[in-house]
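In my numbering, the protein residues as written are 8 to 347.
C-beta atoms are modelled at their ideal positions from N, C-alpha and C, and glycine is treated no differently.
Note that the structure is a prediction, hence the values are computed from the model and not measured.
Since the structure comes first, as structure tokens, the remarks are kept for the end.
Below, the structure is given as structure tokens:
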């Protein structure tokens, strides 16, 4: 009986060995099957992002999961060439484009947008900027931007401006035989006119760049100035008719050849060699040439024979023989007649 039991127990041990072997084989087969299934579900995927290319064997199911596995995060404005929910298939290629900052200058402000777009119109749309009909867009709205190139929108506005403008008066000359030749008289002063002008003023970013006259009207007409020009060439003095070519109004200062008037070094001789005496005058040769015969009102006939440092323009010195005569004359406003 005991022998039988021992035989039975030994038989059970032999029967357990095949069971263990079978279990091990089944586990190994299951593991291989799982590995095989897993490998069979992987897809070869290529991701190109920011100038680098990444090759993956992945079990990810969507593009979003592929990017996460590749450690690629999309920032503001970045663009993936495929929707993020696109299913993953064998040989899938995903490209990601990095956004660049684009600066838009408009109305005194700067707007920054991050985008991969290069067209000016697209950048303006992203910046929520709509140029006005007269605004100028630089570069042109249909142009493509180069790297780092900004967009500038010049705000253009127009304004009607009215201004009063002075109109210069004309000057008329009229001959008059009651006035000596060489002299003039103002018969009537001129009056400026006024005209009201309408301008169309163009502003760019608030600064005036041009104005165009579009209309005008007269507020006050100008009045011409009238000058009478002398034509008289003959006069009478002391019953004598004197003919002359022109008359000059001058300031005449009297002097004599004495030391008080001419100084210690004066030699009594004029610039052209005539003796300094009554009948000799000093002139500015640019006005009255030396040697010219003249008639001086209140003085008489004389010859332009001398010059002087203080004699410039319409000034003359009239010579007298004595100091007392010179003092009595003093300084006078007179007319000088240049004789024929």
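{"Check": "What are the partner residues of residue 1, as DSSP defines its beta bridges?", "Outcome": "Since the first residue shown for the chain is 8 and the last is 347, residue 1 is missing from the structure and cannot be characterised."}
{"Check": "How far does the beta strand (DSSP E) with residue 77 in it reach, from first residue to last?", "Outcome": "Counting along the chain, residue 77 falls outside any beta strand (DSSP E), and DSSP gives it neither H nor E."}
{"Check": "Taking the alpha-carbon of residue 351 as reference, which of 204, 316, 144, 310 has the nearest alpha-carbon?", "Outcome": "Lying outside 8 to 347, the shown extent of the chain, residue 351 is not represented and no answer is given."}
{"Check": "So, using beta-carbon positions, are residue 229 and residue 193 closer together than 8 Å?", "Outcome": "no"}
{"Check": "Nearest CA to the CA of residue 181: which residue from 214, 237, 314, 333?", "Outcome": "237"}
{"Check": "Taking C-beta to C-beta, are residue 88 and residue 69 nearer than 8 Å?", "Outcome": "no"}
{"Check": "Please decide whether residue 273 counts as near chain D, where near means a Cβ-Cβ distance under 8 Å.", "Outcome": "Although the question refers to chain D, the structure presented lacks it and comprises just one protein chain."}
{"Check": "Are the beta-carbon atoms of residue 256 and residue 346 separated by less than 8 Å?", "Outcome": "no"}
{"Check": "Write down every uninterrupted run of the alpha helix (DSSP H) in the stretch 72–140 whose length is 4 residues or greater and which is fully enclosed by it, in chain order.", "Outcome": "127–133"}
{"Check": "Restricting to Cα atoms, I'd like to know which of 233, 280, 253 is closest to residue 195.", "Outcome": "233"}
{"Check": "Got a sec? Which residues, its chain only, sit under 7 Å from residue 76 by beta carbon, not counting five neighbours each side?", "Outcome": "63, 65, 67"}
{"Check": "Exposed or buried, what is residue 109 when buried is set at 16 or more other beta-carbons lying within 10 Å of its beta-carbon?", "Outcome": "buried"}
{"Check": "Alpha carbon to alpha carbon, how far is residue 208 from residue 221? Give it in angstroms, no decimals.", "Outcome": "10 Å"}
{"Check": "So, at 8 Å on beta carbons, what are the nonlocal neighbours of residue 295 in its own chain, with the 5 sequence-adjacent residues on each side left out?", "Outcome": "255, 301, 311, 323, 343, 345"}
{"Check": "Is it buried or exposed for residue 334, if we count other Cβ within 10 angstroms and need 16 for buried?", "Outcome": "exposed"}
{"Check": "Find the nearest neighbour of residue 49 within the set 99, 59, 83, judged by alpha-carbon distance.", "Outcome": "99"}
{"Check": "Using only alpha-carbon positions, find the residue among 272, 126, 231 that is nearest to residue 177.", "Outcome": "231"}
{"Check": "Closest to residue 285 by C-alpha separation, out of 212, 130, 325, 272, would be which residue?", "Outcome": "325"}
{"Check": "Look at the Cβ atom of residue 119, then the Cβ atom of residue 136, and state whether they are nearer than 8 Å.", "Outcome": "no"}
{"Check": "Roughly how far, in whole angstroms, is the beta-carbon of residue 53 from the beta-carbon of residue 86, given that I think they are within contact range, below 8 Å?", "Outcome": "That pair is no contact at about 17 Å."}
{"Check": "Can you tell me whether residue 318 is buried or exposed, with buried defined as 16 or more other CB within 10 angstroms of its CB?", "Outcome": "buried"}
{"Check": "Please work out which residues of its chain come closer than 6 Å, Cβ to Cβ, to residue 200, disregarding the five sequence neighbours upstream and downstream, and give them in chain order.", "Outcome": "174, 227, 228, 229"}
{"Check": "Pull the bridge partners of residue 172 from the DSSP assignment, please.", "Outcome": "202"}
{"Check": "What is the rounded straight-line gap between the Cα of residue 83 and the Cα of residue 149?", "Outcome": "24 Å"}
{"Check": "Which residue marks the beginning of the alpha helix (DSSP H) containing residue 335, and which one marks its end?", "Outcome": "330–336"}
{"Check": "If distances are taken between C-alpha atoms only, which option among 139, 224, 159, 127 comes closest to residue 172?", "Outcome": "224"}
{"Check": "I need the straight-line Cα distance from residue 328 to residue 283, nearest angstrom please.", "Outcome": "8 Å"}
{"Check": "With H, G and I counted as helix, E and B as strand and the rest as coil, what does DSSP make of residue 267?", "Outcome": "helix"}
{"Check": "Does residue 290 come out as helix, strand or coil in the three-state DSSP assignment?", "Outcome": "coil"}
{"Check": "Am I right that residue 330 and residue 265 are in contact with their C-beta atoms under 8 Å? What's the rounded C-beta distance?", "Outcome": "5 Å"}
{"Check": "May I ask which residues mark the beginning and end of the beta strand (DSSP E) holding residue 248?", "Outcome": "247–262"}
{"Check": "I'd like to know whether the C-beta atoms of residue 142 and residue 161 end up nearer to each other than 8 Å.", "Outcome": "yes"}
{"Check": "CA-CA distance, residue 41 and residue 73?", "Outcome": "Below a pLDDT of 50, predicted positions are generally treated as unreliable, and residue 41, at 41, falls in that range; the measurement from the model is reported next regardless. The alpha-carbon atoms of residue 41 and residue 73 are separated by roughly 22 Å."}
{"Check": "Please state whether DSSP places residue 148 in a helix, a strand or coil.", "Outcome": "coil"}
{"Check": "Would you please state the rounded distance, in angstroms, between the beta carbons of residue 250 and residue 240? I believe it to be under 8 Å.", "Outcome": "6 Å"}
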